[in-house]
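Enquirer:
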DNA sequence: ACCTGAACACCGTTCAAGT
DNA sequence: ACCTGAACACCGTTCAAGT
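Protein chains in written order, with my numbering: chain A, 572 to 769; chain B, 572 to 769.
1) Rounded C-beta distance between residue 762 of chain B and residue 708 of chain B? I'm assuming under 8 angstroms.
2) Can you say whether residue 657 of chain B is buried or exposed, counting buried as having 16 or more other CB atoms within 10 angstroms of its CB?
3) For residue 628 of chain B, go through chain A and note every residue whose CB falls closer than 9 angstroms to its CB, in chain order.
4) Determine the extent of the alpha helix (DSSP H) in which residue 583 of chain B is found, giving its start and end residues.
5) Mind pulling the chain B residues with CB within less than 7 angstroms of residue 633 of chain A?
6) Can you name the start and end residues of the alpha helix (DSSP H) that residue 612 of chain B belongs to?
7) State the CB to CB distance for the pair residue 715 of chain A and residue 711 of chain B, rounded to an integer number of angstroms; the pair is presumed to be in contact (CB under 8 angstroms).
8) Of the choices B/736, B/659, B/580, B/767, whose alpha-carbon is the least far from that of residue 633 of chain B?
9) If the criterion is Cβ atoms closer than 8 angstroms, does the pair residue 705 of chain B and residue 766 of chain B meet it?
10) Quick one: measure Cβ to Cβ for residue 615 of chain B and residue 605 of chain B, integer angstroms, because I've assumed they're closer than 8 angstroms.
11) I'd like to check one pair, residue 672 of chain B with residue 796 of chain A: are the Cβ atoms closer than 8 angstroms?
12) If you count every other CB in all the chains shown that lies within 10 Å of the CB of residue 609 of chain B, and 16 or more means buried, which is it?
13) Within a Cβ cutoff of 7 angstroms, which residues of the same chain sit near residue 755 of chain A, ignoring the five residues on either side of it in sequence?
14) Could you compute how far the alpha carbon of residue 651 of chain B sits from the alpha carbon of residue 576 of chain B?
15) For residue 638 of chain B, which residues of its own chain have a beta-carbon under 8 angstroms away from its beta-carbon, when the five flanking residues on both sides are left out?
16) Residue 744 of chain A and residue 703 of chain B: beta carbons closer than 8 angstroms?
17) Looking at chain A, which residues of the segment 583 to 603 of chain B have a Cβ within less than 7 angstroms of any of its Cβ atoms?
18) Can you give me the C-alpha to C-alpha distance between residue 613 of chain B and residue 666 of chain A, rounded to a whole angstrom?
19) Determine contact between the segment 673 to 681 of chain A and the segment 585 to 603 of chain A, defined as no fewer than three beta-carbon pairs at a distance below 8 angstroms.
20) By alpha-carbon positions, which one of A/602, A/738, A/720 ends up nearest to residue 585 of chain A?
21) Looking at chain B, is there any beta carbon in it that lies within less than 8 angstroms of the beta carbon of residue 765 of chain A?
22) Go through the segment 691 to 722 of chain B residue by residue and report every complete run of the beta strand (DSSP E) that reaches 3 residues or more, in order.
23) Thinking residue 642 of chain B and residue 687 of chain B are a contact (beta carbons under 8 angstroms), I'd like their distance in whole angstroms, please.
24) Is it buried or exposed for residue 679 of chain B, if we count other Cβ within 10 angstroms and need 16 for buried?
25) Just to confirm the assignment, what range does the alpha helix (DSSP H) spanning residue 729 of chain A have?
26) Just to confirm my understanding: we take residue 746 of chain A, look at its own chain, exclude 5 residues before and 5 after, and list those with CB closer than 7 angstroms. What are they?
27) Is residue 769 of chain B closer than 8 angstroms to residue 681 of chain B when the C-beta atoms are compared?
28) Cα separation between residue 583 of chain B and residue 683 of chain B?
29) How many angstroms separate the CA atom of residue 736 of chain B from the CA atom of residue 727 of chain B?
30) Around the Cβ of residue 719 of chain B, are there at least 16 other Cβ atoms within 10 angstroms (buried) or fewer (exposed)?
31) What residue range is occupied by the uninterrupted alpha helix (DSSP H) comprising residue 623 of chain B?
32) State yes or no: is the beta carbon of residue 638 of chain A nearer than 8 angstroms to at least one beta carbon in chain B?
33) Taking DSSP as the reference, what is the three-state secondary structure of residue 754 of chain A?
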């Protein structure tokens with residue numbers, strides 16, 4: 572076939588297909604991606620430098636769903652909105668958190684989302700030295716929560732039939748093991764309390 | 572060589588070497604592990620079922636460093652002790668967090684550590700339904716903090732020379748970007764505050 | 001029981017060859 | 001510029017063959 576009159580591939584097409592693939596199958600591999608695109612594996616390298624660039628493209632795409640700051644909101648509400656948006660994104664694509672945490676952020680859209688959060692805290696009067704601390708803590712918690720989505724529920728399962736505190740807790744609240752939402756809100760509340768004390 | 576008079580390998584030897592390997596190189600692969608053990612790759616499979624079992628062996632090994640509950644401590648101090656121990660373990664072996672989060676926990680030692688924490692909360696009077704929530708939030712935060720160790724500092728670097736809030740924050744506190752310890756303590760304080768309100 | 005080498009089905013990446 | 005097929009250096013896993 573060689574070069575087609577109109578290009579089959581593009582960065583966008585590749586990134587979109589990669590996102591679908593990882594959402595459906597849980598993994599992102601070049602052979603499967605090429606198959607889905609109806610193209611040879613090596614063709615992909617004419618549009619992206621490597622696999623990491625595809626992952627970064629997905630991160631860029633998803634980062635567009637972060638809300639922009641709203642001056643009418645308190646910083647607490649801004650933080651809650653930012654964190655819940657982050658979580659919503661990762662819940663929709665749970666297998667991506669590991670991919671994201673392996674490569675550093677380089678795209679502007681994602682960096683902009685962090686920058687927005689920093690500006691919210693800055694204009695709320697937080698001391699500059701505490702802003703990095705605060706963002707690190709918030710980011711740690713939301714990333715960790717996303718990580719748990721795929722991991723922790725399997726652990727609860729191994730406790731269900733044992734007479735231990737965890738087993739009792741689970742029998743008392745069978746929904747809790749599958750409702751990490753409540754745990755997220757608990758932690759978010761705590762983090763904001765800690766920030767208010769600064 | 573075939574079968575040696577006295578076995579060269581054992582689960583312990585394999586797991587120990589695997590831990591050294593991942594600490595030194597950042598990755599765990601069977602070929603490199605075999606080389607380090609001075610053995611053929613397929614020999615390993617006579618002692619462990621697969622790669623995941625090696626990772627689980629490492630988790631078991633490290634989990635022995637969790638403190639046992641101390642009845643003389645308040646539940647707050649118990650939680651702090653447990654979280655800091657967890658963090659200390661992961662800081663010493665930052666590349667393992669991704670490995671751990673991929674496979675479910677199956678070994679007794681690690682399960683015991685979670686069970687201990689559950690019992691601390693139970694005898695502190697926490698409602699059973701809230702125990703899973705609390706442990707999930709705590710675990711999320713400490714895992715996320717470990718994940719950041721390798722990831723976030725690279726991101727701060729890309730901000731150092733820009734006139735943005737994050738850049739300003741970093742220039743005001745250059746140490747903060749490399750001291751996730753403070754962020755961890757901030758979040759831990761917040762989580763305990765949230766638990767106290769339950 | 002325990003080690004080996006060869007084989008298998010993967011993976012990501014490169015590159016000369018085509019249009 | 002853009003697609004292909006072949007090649008390369010990896011990876012984890014299996015298995016018959018040796019003692």
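Every residue, glycine too, gets a C-beta built ideally from N, C-alpha and C.
Expert: Quick look at the numbers:
1) In this structure, residue 762 of chain B and residue 708 of chain B form a Cβ contact; the two beta carbons are roughly 6 angstroms apart against a cut-off of 8 angstroms.
2) The residue is buried, with at least 16 neighbouring Cβ atoms inside 10 Å.
3) Here the premise fails: no neighbours, minimum Cβ distance about 17 angstroms.
4) Counted as a single uninterrupted DSSP element, the alpha helix (DSSP H) harbouring residue 583 of chain B occupies residues 582 to 596.
5) Correct list: empty, because the minimum Cβ distance to chain B is about 16 angstroms.
6) Run containing residue 612 of chain B: none; DSSP gives neither H nor E here.
7) Right, their Cβ atoms sit about 4 angstroms apart.
8) Checking every option, the nearest Cα to that of residue 633 of chain B belongs to B/659.
9) Yes, they are a contact pair.
10) The beta-carbon separation of residue 615 of chain B and residue 605 of chain B, rounded to 6 angstroms, stays under the 8 angstroms limit for a contact.
11) Here chain A comprises residues numbered 572 to 769, so residue 796 of chain A is not present and cannot be evaluated.
12) The residue in question, residue 609 of chain B, is exposed, as its Cβ has fewer than 16 Cβ neighbours within 10 Å.
13) Excluding residues within five positions, the ones whose Cβ falls inside 7 angstroms are 658, 716.
14) The straight-line gap separating the alpha-carbon atoms of residue 651 of chain B and residue 576 of chain B is approximately 49 angstroms.
15) Its chain contains 652, 653, 656 as the residues whose beta carbon lies nearer than 8 angstroms to that of residue 638 of chain B, once the 5 sequence neighbours on both sides are disregarded; these appear in chain order.
16) Between residue 744 of chain A and residue 703 of chain B, the C-beta spacing is below 8 angstroms.
17) Taking a C-beta cut-off of 7 angstroms against chain A, none of the residues of the segment 583 to 603 of chain B qualify.
18) Cα to Cα, residue 613 of chain B sits roughly 30 angstroms from residue 666 of chain A.
19) At 8 angstroms Cβ cutoff, the stretches do not touch.
20) Of the listed residues, the one whose Cα sits closest to residue 585 of chain A is A/602.
21) Interface residue, yes.
22) Restricted to the segment 691 to 722 of chain B, not a single beta strand (DSSP E) segment is unbroken, complete and at least 3 residues in length.
23) Not quite, the Cβ-Cβ distance comes to about 12 angstroms (not below 8 angstroms), so this is no contact.
24) Under this definition residue 679 of chain B is an exposed residue.
25) Looking at the DSSP string, residue 729 of chain A is not in any alpha helix (DSSP H), and its letter there is neither H nor E.
26) Counting only Cβ-Cβ distances below 7 angstroms, and skipping sequence neighbours, we find nothing.
27) Result no, Cβ atoms of residue 681 of chain B and residue 769 of chain B do not sit closer than 8 angstroms.
28) Cα-Cα distance, rounded: 20 angstroms.
29) Roughly 12 angstroms separates the two Cα atoms.
30) A buried status is given to residue 719 of chain B, since no fewer than 16 other beta-carbon atoms sit within 10 Å of its beta-carbon.
31) Residue 623 of chain B -> alpha helix (DSSP H) spans 622 to 634.
32) By this cut-off, residue 638 of chain A is not an interface position.
33) Three-state DSSP puts residue 754 of chain A in a helix.
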